[in-house]
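Okay, so here's the structure we're looking at.
Protein chains: 2
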Amino acid sequence: MATHARARLLDTAEALFYAEGIRAVGVERILAESGVGRASFYRHFTGKDALVVAVLTRRDRAWRDWLADRVTALGGRPLDVFDALAERFARADFRGCAFINTMVETADPDSPAHRVAAAHKQQVVDYVAALLADRGHPADRAAALAHRIVLLMDGAIVTALREGTPAPAAEARTIAAALLAAEPPGPGLEDPCAEPAARG
Amino acid sequence: MATHARARLLDTAEALFYAEGIRAVGVERILAESGVGRASFYRHFTGKDALVVAVLTRRDRAWRDWLADRVTALGGRPLDVFDALAERFARADFRGCAFINTMVETADPDSPAHRVAAAHKQQVVDYVAALLADRGHPADRAAALAHRIVLLMDGAIVTALREGTPAPAAEARTIAAALLAAEPPGPGLEDPCAEPAARG
DNA sequence: GGATTTCGGTACCGATCGGTACCGTCTTGT
DNA sequence: ACAAGACGGTACCGATCGGTACCGAAATCC
Numbered sequence: 001m002a003t004h005a006r007a008r009l010l011d012t013a014e015a016l017f018y019a020e021g022i023r024a025v026g027v028e029r030i031l032a033e034s035g036v037g038r039a040s041f042y043r044h045f046t047g048k049d050a051l052v053v054a055v056l057t058r059r060d061r062a063w064r065d066w067l068a069d070r071v072t073a074l075g076g077r078p079l080d081v082f083d084a085l086a087e088r089f090a091r092a093d094f095r096g097c098a099f100i101n102t103m104v105e106t107a108d109p110d111s112p113a114h115r116v117a118a119a120h121k122q123q124v125v126d127y128v129a130a131l132l133a134d135r136g137h138p139a140d141r142a143a144a145l146a147h148r149i150v151l152l153m154d155g156a157i158v159t160a161l162r163e164g165t166p167a168p169a170a171e172a173r174t175i176a177a178a179l180l181a182a183e184p185p186g187p188g189l190e191d192p193c194a195e196p197a198a199r200g
Numbered sequence: 001m002a003t004h005a006r007a008r009l010l011d012t013a014e015a016l017f018y019a020e021g022i023r024a025v026g027v028e029r030i031l032a033e034s035g036v037g038r039a040s041f042y043r044h045f046t047g048k049d050a051l052v053v054a055v056l057t058r059r060d061r062a063w064r065d066w067l068a069d070r071v072t073a074l075g076g077r078p079l080d081v082f083d084a085l086a087e088r089f090a091r092a093d094f095r096g097c098a099f100i101n102t103m104v105e106t107a108d109p110d111s112p113a114h115r116v117a118a119a120h121k122q123q124v125v126d127y128v129a130a131l132l133a134d135r136g137h138p139a140d141r142a143a144a145l146a147h148r149i150v151l152l153m154d155g156a157i158v159t160a161l162r163e164g165t166p167a168p169a170a171e172a173r174t175i176a177a178a179l180l181a182a183e184p185p186g187p188g189l190e191d192p193c194a195e196p197a198a199r200g
């Protein structure tokens, strides 16, 4: 028997929701393209809403894990997040940020899907703040800077979506670099092994 | 007779589409809330898609006219666009940028609605570039700077939407100010009546 | 004042929406 | 080997989707 109907539902739904929008994709489509029977779907999820939340929750974890892995591989500098973004923007199936899209599509801020999406963004802010703290920025300054860097990330994502090019990632990186250059890290807490000043 | 069914349809549809999303609002709702008869609707528009395009086209003009008016009233400086944005963010019915939302909801980039939304953003870039050129920036630099300023505007819009506060407008303004401070206008072309350096 | 146009209301269309119930089948754990 | 559970397929449900056809009333134009 084909294994794990639940996993196939999540995979198919994630791809379709991201590519065409949550509301634009009906349960019918997901069943047809995943090969899962109708009854099996409602055995695993109470309804479409629960599927949406499950997809977003899984993507939240996967996306942040991916970001952390890429940033680490690129050098662990805060500005490396923009180079990670550039990789995403260059993919043919890039369709913006699934969580921004969810908040746009799901207008009700009290909706479970909206909440998951909002929480995702907050966790990204916390991650960037941690990156900044690692480079010696005091906690309060790291939080404020992270806020602005995520604003730049979101701006780059939206711009990349509407222009269809990965260029906005580099633009946002340049702007963020100016931001960090104007605010040097605190007194001697930064990583002594940091590369000179070529990047980041 | 109640006047101008077409105008009422546009007003009602614009409000509902912006508040709840294009796909989330059916023709039925628009007819009920506008008080327009079903037949009258299809007399004025070939279908829902045409209504969407008409709404977006009208909003494009109205939004850019509003932006130009507010910026002029605030002083005509490029950075004034962020103060104009802040006013929008503070409104209770703020739900992000209708054109970003349209591009997110309408995945197909060849769709008429998507094209109108993309064209709107390009015209905003052109407008900001004109503001920069007025302050003495050479045309090519003005275009590049405008691109980045609109990236900041979009980032502020998305951030304001997900946080529900107008604060991101001021954040983006500060970042943009650093951007402009690092790149002084060209050789003596700026407006001699410009205010010192307090803002903009 | 009569004709034309625009209007609102309603009935109806096929298609699709999310969701439920029931069926026979196949895999797996013991 | 056998029972238990997960599976795919189908029929069906009421509601709503976008869209068409037709009607009588009301306002405008000549």
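Just so you know, the protein sequences line up as chains C and S, in that order. Under the UniProt record's numbering, the first sequence has 29 at position 29, and the numbering climbs by one with no breaks. Under the UniProt record's numbering, the second sequence has 200 at position 200, and the numbering climbs by one with no breaks. Quick reminder that beta carbons are idealized off the backbone N, C-alpha and C, glycines included.
Item, Value
"Test: residue 30(C) CB closer than 8 Å to a CB of chain S", "no"
"Positions along the region 124-155 of chain S whose CB lies within less than 8 Å of some CB in chain C", "147, 148, 150, 151, 152, 153, 154 and 155"
"Alpha-carbon spacing of residue 129(S) relative to residue 64(S), whole angstroms", "14 Å"
"Proximity test, Cβ basis, 8 Å: residue 116(S) and chain C", "no"
"Chain C residues whose Cβ lies nearer than 7 Å to that of residue 168(S)", "151"
"Residue 86(S) versus residue 44(S): straight-line alpha-carbon distance, rounded", "36 Å"
"Cutoff 8 Å: residue 104(S) Cβ touching any chain C Cβ", "yes"
"Residue 125(S) versus residue 147(S): straight-line alpha-carbon distance, rounded", "6 Å"
"Nearest residue (CA-CA) to residue 113(S), options 32(S), 27(S) and 59(S)", "59(S)"
"Which of helix, strand or coil DSSP assigns to residue 79(S)", "coil"
"Contact set for residue 131(S): own chain, Cβ-Cβ below 6 Å, skip 5 residues either direction", "78"
"As assigned by DSSP and simplified to three states, the class of residue 122(C)", "helix"
"Within 7 Å of chain S by C-beta, residues of the region 49-75 of chain C in sequence order", "none"
"Inter-residue spacing [alpha-carbon to alpha-carbon] between residue 23(C) and residue 156(S)", "26 Å"
"Through-space distance from residue 106(C) to residue 96(C), alpha-carbon basis", "16 Å"
"Cβ pair residue 48(S), residue 27(S) closer than 8 Å", "yes"
"Extent of the continuous alpha helix (DSSP H) run through residue 111(S)", "Counting along the chain, residue 111(S) falls outside any alpha helix (DSSP H), and DSSP gives it neither H nor E."
"Cα-Cα separation between residue 12(S) and residue 3(C), rounded to whole angstroms", "49 Å"
"Under 9 Å by beta carbon: chain S residues contacting residue 21(C)", "23, 104, 105, 106 and 107"
"Neighbour-count burial assignment, residue 83(C), 16 or more Cβ in a 10 Å radius", "buried"
"Rounded C-alpha distance that separates residue 10(C) from residue 39(C)", "16 Å"
"Where residue 183(S) falls, given that 16 or more other Cβ within 10 Å makes a residue buried", "exposed"
"Backbone secondary structure at residue 44(S) - three-state DSSP", "helix"
"Any chain S beta carbon closer than 8 Å to residue 81(C)", "no"
"Endpoints, alpha helix (DSSP H) assigned at residue 102(S)", "98-105"
"Residue 110(S) classed as buried or exposed, judged by whether at least 16 other C-beta atoms fall within 10 angstroms", "exposed"
"Local Cβ density within 10 Å of residue 159(C), reported as buried at 16 or more and exposed below that", "buried"
"Option nearest residue 149(C) by Cα separation, candidates 161(C), 51(C) and 169(C)", "169(C)"
"C-alpha distance - residue 151(C) paired with residue 15(S), whole-angstrom precision", "27 Å"
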